[in-house]
Amino acid sequence: MATNFSIESLLVANEDEELQNDDKKAERQHKPQHLFCPTSKARRGRTAFTFTQLIALESRFKQNRYLKVGERTKLAQMLDLNETQIKIWFQNRRTKWFDEFKMYWTKKKL
């Protein structure tokens, strides 16, 4: 079997290969990234808390900066959120509180 190594046949073969690669790239761009990495989980979207939820969360935070599991469960049911959302909100709020606390004491020392 003879193989054709003419310039024209090599160029055509190269163009076909480039087109196939372009098609594969286009397919990957239209699929979510987690489909290519089977070990990763799809990320949850950002939670937009309602005004009422924020008031309740801030009120509870003023009472206690740390919730017990039972308190978190009740609050989650009351606000129609899941426990993880409550837990993360309190973590973020404690970080914000601590940053404000540090800034207050830094200004007070000056």
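The sequence shown maps to residues 1 to 110 in the UniProt record's numbering.
The beta carbon of each residue, even a glycine, is placed where N, CA and C say it ideally should be.
Pair within 8 Å by beta-carbon distance, residue i and residue j
i   : j   : result
R72 : R94 : no
L67 : F90 : yes
Q85 : T47 : yes
Alpha-carbon to alpha-carbon, residue j and residue i
i    : j    : result
A56  : L75  : 9 Å
Q63  : W105 : 22 Å
T83  : E17  : For clarity, residue 83 is Glu in the given sequence; the question names Thr instead. Approximately 51 Å, taken between the alpha carbons.
E100 : G70  : 28 Å
D80  : K108 : 40 Å
Reduced DSSP secondary structure (H/G/I, E/B, other) of residue i
i   : result
A48 : coil
K87 : helix
K59 : Residue identity differs from the one stated: residue 59 is Ser in this sequence, not Lys. Three-state DSSP puts S59 in a helix.
R72 : helix
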